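Trainee: Sharing a structure below in structure tokens format, with a few things to ask.
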Amino acid sequence: MIRRTGLSGPVRARGERADGNAVTSVMRAAVADGLRGAIMAAIAVSAIGGWPSEPLQAQQSRPNVFFDCNGPRCDRQYYRTEIAWVNWVNDRNVADVHVIMTSQGTGAGGREYLMDFMGTDDESPYTDQQTYQSLPTDTDREVLDGVANTLALGLAVFANQSGYRGLASVIPLATEQPEQQVEGIVSADEVDDPWNLWVFRLNGGAGIEGESSRSNTELEGRFSAWRTAPVWKFSISGGMAHNRLRIDLTDREFRDNRTRWNVDTRLVYSLAEHWSVGLMGSAGRFLTYNLNRRFAATPTLEFSVFPYEEATRRSFTFRYSMARIYNEYTERTIYDVTQESRWVESMELRLDQRQTWGSVGAGASGSLYLHDTDLRRFSIWGGASIRIVRGFTVNISGNASWVNDQIFLSARGATDEEALLRLQRRPTDFDYGTEIGFSYQFGSIYNNVVNNRIRPRF
179 MIRRTGLSGP VRARGERADG NAVTSVMRAA VADGLRGAIM AAIAVSAIGG WPSEPLQAQQ
239 SRPNVFFDCN GPRCDRQYYR TEIAWVNWVN DRNVADVHVI MTSQGTGAGG REYLMDFMGT
299 DDESPYTDQQ TYQSLPTDTD REVLDGVANT LALGLAVFAN QSGYRGLASV IPLATEQPEQ
359 QVEGIVSADE VDDPWNLWVF RLNGGAGIEG ESSRSNTELE GRFSAWRTAP VWKFSISGGM
419 AHNRLRIDLT DREFRDNRTR WNVDTRLVYS LAEHWSVGLM GSAGRFLTYN LNRRFAATPT
479 LEFSVFPYEE ATRRSFTFRY SMARIYNEYT ERTIYDVTQE SRWVESMELR LDQRQTWGSV
539 GAGASGSLYL HDTDLRRFSI WGGASIRIVR GFTVNISGNA SWVNDQIFLS ARGATDEEAL
599 LRLQRRPTDF DYGTEIGFSY QFGSIYNNVV NNRIRPRF
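In my numbering, the protein residues as written are 179 to 636.
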């Protein structure tokens, strides 16, 4: 079995552009766990077969690639254009290699893209992984170039190992620092960082929309700061928004002006390989929930069945929390109080899987107030995208909650306007939602032609 992780360097195909596009850009990927302590190597890939789309017979002499991606940077047309020396297929059952791309946020605010390459030949198992890390300041084009470059590198390695010798060659190049070791994780001691791994972000915006009988104005500002290290993780974020809504009704005019704000903090410590402990705090004003002010402090313990490093492909976690909350209400509640302080206990179970046959996620959570255990809530949710047969995929998602913990409800109740516009919560015993759909694609699975003429607007 073959496994590589995080090799980096330029990828070039004969006849392709050298103006900074994906196939010529230099990756910023780092060598990850599989090459710890090894000498950093830059890899150049020279694709001999970088021609335009060819007849079916010629295409079948190239490896069939099925690209499995959901989320940011899944621009299949871009990758088909930049990596023309493989045969992209729409059905995993005819693929020679199945590529799953996932991503996760980095401490600097960028993203790490992980590409798992899995051969489909049972007699000669093949497994490989490549990684690419983008910076938070990268443009969309720069990120696409980096992802495409890494994807091309992984496909070139597969082509060489699987006998497609005439398509690509992998050539190690000398580096200026042959003794440099890259761990894949940067700590404050390894770099001269004047910010000490801290990252800050400010956001703001304003919007207005309306017509003759309706108008809505919104002002919003947000801030966030975080520091991510291998052992400790800390983040703080918050924001404020002001809304002005006007609607002309048949007999009168309805107006609603409200301001909301919130601050959330999170401190996490890596207790052991599968254990984490954290402390979360929050404060805010949420008039929809009759809350003029709310404060909460929540110690949390989490156990992960799988290593945290595998979270983008599979995760199974158990979480236990005990929160102390303080509520100050805008109006007197159905329990005849204007403020109160309570203990809330909660547990959560969550499972996520991303495999060659599709993806699935599910979870359940429960919480209760310790002063009155009849005040409780239980929720379940789940979703799946599964390929049943060639070209046929089923998508399903749903959630449901059994509710008996609405201690915040106003004794006055919600007006008709507040109920219709969902400006005030109303009593309920449950809530639910579900969606189901399918997609079926058939026809040619070998057409690699890209034609960008007169493209749709969206």
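Using N, Cα and C, we set each Cβ at its ideal position, and we do this for glycine too. The structure displayed is predicted, hence computed values, not measured ones.
Among Pro372, Leu380, Gln517, Thr395, whose alpha-carbon lies nearest the alpha-carbon of Ile386?
Mentor: Comparing Cα positions, the closest option is Thr395.
Trainee: Quick check on DSSP: helix, strand or coil for Val325?
Mentor: The answer is helix: DSSP assigns Val325 an H, G or I state.
Trainee: Could you tell me whether the Cβ atoms of Arg658 and Phe244 are closer together than 8 Å?
Mentor: In the structure as shown, the chain begins at 179 and stops at 636. Residue 658 is therefore absent and cannot be evaluated.
Trainee: Where do the ends of the alpha helix (DSSP H) carrying Val258 lie?
Mentor: It should be noted that the sequence gives Arg, not Val, for residue 258. Here the alpha helix (DSSP H) through Arg258 covers 254–260.
Trainee: How about Glu260 and Ala334: are their beta carbons less than 8 Å apart?
Mentor: No, they are not a contact pair.
Trainee: What residue ranges within the region 528–614 form continuous beta strand (DSSP E) runs of no fewer than 3 residues, ordered along the chain?
Mentor: The qualifying runs are 536–547, 550–567, 570–582.
Trainee: Write down the C-beta distance between Leu329 and Arg251 rounded to the nearest angstrom, noting that I regard them as a contact closer than 8 Å.
Mentor: That belief does not hold up - the Cβ atoms of Leu329 and Arg251 are roughly 10 Å apart, past 8 Å.
Trainee: Quick check: what's the CA-CA separation for Leu380 versus Ile414?
Mentor: Distance between the alpha carbons of Leu380 and Ile414 is about 12 Å.
Trainee: Can you tell me whether Asp299 is buried or exposed, with buried defined as 16 or more other CB within 10 angstroms of its CB?
Mentor: So Asp299 ends up on the exposed side.
Trainee: If you pair each beta-carbon of the region 529–544 with each one of the region 503–510, do three or more pairs fall below 8 Å?
Mentor: Touching, no, given that fewer than three Cβ pairs across the two stretches are closer than 8 Å.
Trainee: How big is the Cα-Cα spacing for Asn374 and Ala286?
Mentor: Those two C-alpha atoms are separated by around 11 Å.
Trainee: By the 10 Å Cβ neighbour count, where 16 or more other Cβ atoms means buried, how is Pro485 classified, buried or exposed?
Mentor: With fewer than 16 Cβ atoms within 10 Å of its Cβ, Pro485 is classed as exposed.
Trainee: Reducing DSSP to helix, strand and coil, say where Ala475 ends up.
Mentor: Of the three classes helix, strand and coil, the one that applies to Ala475 here is strand, per DSSP.
Trainee: Per DSSP, what kind of secondary structure is Arg631 in: helix, strand or coil?
Mentor: Correct three-state label for Arg631: coil.
Trainee: Locate the beta strand (DSSP E) running through Glu506, then write down its first and last residues.
Mentor: Where Glu506 is concerned, the enclosing beta strand (DSSP E) stretches over 492–507.
Trainee: What residue does the beta strand (DSSP E) around Ala489 start on, and which one ends it?
Mentor: Here Ala489 belongs to no beta strand (DSSP E), and DSSP marks it neither H nor E.
Trainee: May I have the straight-line CA-CA distance separating Asn248 from Met279, to the nearest angstrom?
Mentor: Distance between the alpha carbons of Asn248 and Met279 is about 8 Å.
Trainee: Does Asp211 come out as helix, strand or coil in the three-state DSSP assignment?
Mentor: Bear in mind that the predicted position of Asp211 carries a pLDDT of just 34, short of 50, making it unreliable; the figure below should be weighed with that in mind. Note: Asp211 maps to helix in three-state DSSP.
Trainee: Output yes or no for whether 8 Å exceeds the beta carbon distance between Ser454 and Val409.
Mentor: No, they are not a contact pair.
Trainee: Does the region 433–451 come close enough to the region 459–471 to have 3 or more Cβ pairs within less than 8 Å?
Mentor: At 8 Å Cβ cutoff, the stretches touch.
Trainee: Got a sec? Which residues, its chain only, sit under 7 Å from Gln619 by beta carbon, not counting five neighbours each side?
Mentor: Excluding positions up to five away in sequence, the list reads Asn268, Gly569.
Trainee: Excluding the 5 residues preceding and the 5 following Asp434 in the sequence, name in chain order all residues of the same chain whose CB lies nearer than 7 Å to its CB.
Mentor: Closer than 7 Å at Cβ, skipping near neighbours: Leu423, Leu601.
Trainee: By the three-class DSSP mapping on this structure, what secondary structure does Leu457 have?
Mentor: Leu457: strand per DSSP, three-state reduction.
Trainee: DSSP three-state label for Phe620, please.
Mentor: Three-state result, Phe620: coil.
Trainee: How many angstroms separate the CA atom of Trp404 from the CA atom of Ser493?
Mentor: For Trp404 and Ser493, the distance between alpha carbons rounds to 23 Å.
Trainee: Quick check on DSSP: helix, strand or coil for Asp246?
Mentor: In this structure, Asp246 counts as strand in the three-state DSSP scheme.
Trainee: Out of curiosity, what's the CA-to-CA distance linking Pro477 and Thr551?
Mentor: Going by the C-alpha atoms only, they are around 20 Å apart.
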